[in-house]
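Asker: Let me give you the structure first, and then I'll get to my questions.
Residue numbers (full-length UniProt numbering): 1 to 101.
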C-alpha cells in the first residue's frame with residue numbers, strides 16, 4: 001500500500017473557491033480503481049492549509065491516479081489558489097493493523 005500525505009497552502013482570499021474545487025475533485029478521486037482512501041481536510045491550526053490523506057493499493061493504482069484526466073485538471077486548477085509550495089510525503093506501507101479503542 002502507498003500512502004500520500006500532502007499539505008497545500010491556500011490563498012485566504014480564495015479559500016471558498018479552492019475548497020469547492022477540492023471537494024469536487026476528491027469525490028472523483030475516491031472513484032478511481034485502486035484508491036483505498038482519499039480524504040481532504042482543513043488544518044485545525046491553520047484553516048488556510050488543506051491536508052490530503054491518500055491510500056492506494058499499489059504503484060499501479062497510484063500511477064493510474066496520476067495519469068487520470070481529473071488529476072491533471074486539478075493540478076492546473078488548484079495552482080491559482082496556492083500561496084506557497086505544497087508539502088508532499090510518500091509512505092510505502094508493508095502492513096496495517098486496526099486498533100481497537
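All C-beta atoms, glycine included, are put in the ideal place defined by N, C-alpha and C.
1) Who are residue 6's beta bridge partners in DSSP?
2) What do you get for residue 50, buried or exposed, if any count of 16 or more other CB atoms within 10 angstroms of its CB means buried?
3) By the 10 Å Cβ neighbour count, where 16 or more other Cβ atoms means buried, how is residue 99 classified, buried or exposed?
4) Are residue 15 and residue 81 close, meaning C-beta to C-beta below 9 angstroms?
5) Could you spell out the range, first to last residue, of the beta strand (DSSP E) harbouring residue 81?
Answerer: Let me spell this out:
1) The count along the chain shown starts at 1 and reaches residue 6 at position 6. DSSP lists 52 and 88 as partners of residue 6.
2) For the purposes of this step, residue 50 is identified with residue 50 of the chain shown, where counting begins at 1. With 16 or more Cβ atoms within 10 Å of its Cβ, residue 50 is classed as buried.
3) Residue numbering aside, residue 99 sits at position 99 when the chain shown is read from its first letter. So residue 99 counts as exposed.
4) Stepping through the chain shown from its first residue, residue 15 is reached at position 15. Stepping through the chain shown from its first residue, residue 81 is reached at position 81. Yes, the Cβ-Cβ distance between residue 15 and residue 81 is below 9 angstroms.
5) Translated into positions along the chain shown, residue 81 becomes position 81. Counting along the chain, residue 81 falls outside any beta strand (DSSP E), and DSSP gives it neither H nor E.
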